[in-house]
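Quick note: the sequence shown, position 5, residue 5 per UniProt numbering, numbers continuous.
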Amino acid sequence: QAFRVGALTTLSRNFQLEFLSPLVGRADVELIIRSGTMRDLLAQLEAHMIDVVLANSAPQHDARSDLRSHLLAQQPVALVRRPRAEPTAFRFPDDLRSQPILLPSLDSEIRVGFDRILELAGVRPIIFAEVDDMAMLRLLARDSDGLALVPPIVVRDELAAGLLVEVCPVPNLSETFYAITQKRRFPNPLLGELLTRAVKDK
């Protein structure tokens with residue numbers, strides 16, 4: 001049985017794998033994963049070309065819409081960097097005036113929230129790169145000396161291996177993960193399995 005997934009290009013691969021893990025390696029399931037923009041993926045969902053869209057924001061829809069947004073998880077967001085020989089205490093957000101930072105692009109909800117926090121604090125960060133792809137952000141965080149703004153789940157393996165360290169959590173900022181589905185007469189039964197498990201694990 002085929003299960004077709006559309007994932008936002010900017011979505012963490014670790015999160016995608018976590019959600020889809022019950023189907024990975026199953027001999028009776030053919031897992032098909034496509035990435036794209038929210039607009040393209042929702043069009044594919046409405047055309048019945050995919051069974052679910054995984055995203056980090058819920059689309060706007062009215063009461064007549066057939067779309068449903070299921071909140072799967074809320075992950076904290078933190079500043080991470082490569083370990084330093086002499087770690088010093090980090091003062092958030094003041095130290096961002098002098099330390100370069102790698103940020104997700106302005107299309108990202110966490111970037112918008114982060115900018116708002118800094119604006120209220122009167123801090124203008126030194127941005128050395130903006131990236132709209134989480135896989136690239138992860139690589140740059142690993143290979144550069146600056147700070148990076150990410151949900152720790154994105155760099156979980158690097159944190160576990162000691163390649164990166166968490167400098168500080170960002171207060172009042174989190175990333176949300178959604179499964180967006182369409183009301184159908186005959187939904188894919190595998191979708192129900194995944195959503196039930198995700199709700200139990202939340």
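Positions of the beta carbon are idealized from the N, C-alpha and C atoms, including for glycine.
Just so it is clear, the structure is predicted and the values come from calculations on it, not from any experiment.
Residue i versus the options, residue with shortest Cα-Cα distance
i, options, result
"Ala-2", "Leu-23, Arg-184 and Gln-99", "Leu-23"
"Ser-144", "Ser-35, Thr-176, Ile-153 and Ile-127", "Ile-127"
"Gly-59", "Ile-50, Leu-159, Arg-197 and Leu-71", "Correcting the residue identity first, residue 59 is Pro in this sequence and not Gly. Among Ile-50, Leu-159, Arg-197 and Leu-71, the Cα nearest to that of Pro-59 belongs to Leu-71."
"Val-131", "Val-155, Leu-163, Leu-120 and Leu-102", "Leu-102"
"Arg-82", "Met-136, Ile-32 and Leu-147", "Leu-147"
"Gln-75", "Phe-186, Phe-15 and Glu-86", "Phe-15"
"Asp-157", "Arg-184, Leu-67 and Ala-135", "Ala-135"
"Cys-168", "Ser-35, Asp-95 and Gly-25", "Asp-95"
"Glu-46", "Arg-184, Phe-114, Lys-200 and Leu-137", "Arg-184"
"Leu-67", "His-48, Ser-21, Phe-114 and Ala-161", "His-48"
"Val-199", "Phe-186, Pro-87, Ala-73 and Ile-33", "Ala-73"
"Asp-133", "Gly-36, Arg-26 and Ser-57", "Gly-36"
Which of helix, strand or coil DSSP assigns to residue i
i, result
"Asn-14", "helix"
"Gly-113", "helix"
"Val-24", "coil"
"Thr-176", "strand"
"Ala-198", "helix"
"Leu-79", "strand"
"Gly-122", "coil"
"Pro-171", "strand"
"Phe-90", "coil"
"Leu-106", "coil"
"Ile-153", "helix"
"Leu-164", "coil"
"Phe-128", "strand"
"residue 218", "The structure shown does not extend to residue 218, since the chain spans only 1 to 202, so no value can be given for it."
"Arg-84", "coil"
Contacting residues, own chain, Cβ-Cβ under 7 angstroms from residue i (five flanking each side not counted)
i, result
"Ala-55", "Leu-8, Leu-11, Met-38, Tyr-178 and Ile-180"
"Leu-191", "Asp-51, Val-52 and Thr-181"
"Gln-44", "Gly-6 and Ile-50"
"Ile-153", "Ser-12, Asn-14, Phe-15 and Gln-75"
First and last residue of the uninterrupted alpha helix (DSSP H) at residue i
i, result
"Glu-158", "156-161"
"Glu-46", "38-46"
"Leu-137", "134-143"
Check whether residue i and residue j have beta carbons under 8 angstroms apart
i, j, result
"Ala-141", "Val-77", "no"
"Glu-175", "Glu-119", "no"
"Val-112", "Pro-93", "no"
"Leu-139", "Pro-104", "no"
"Asn-188", "Ile-117", "no"
"Phe-90", "Val-170", "no"
"Leu-31", "Leu-20", "yes"
Sequence-distant residues of the same chain with beta carbon closer than 6 angstroms to residue i, five excluded per side
i, result
"Leu-41", "Gly-6 and Val-53"
"Pro-100", "Ile-126, Phe-128 and Gly-146"
"Leu-163", "Arg-142"
N- and C-terminal bounds of the beta strand (DSSP E) containing residue i
i, result
"Phe-3", "2-8"
"Val-52", "52-55"
Own chain, CB closer than 8 angstroms to residue i, minus 5 neighbours either side, in chain order
i, result
"Leu-159", "Val-80, Pro-152, Val-165 and Glu-166"
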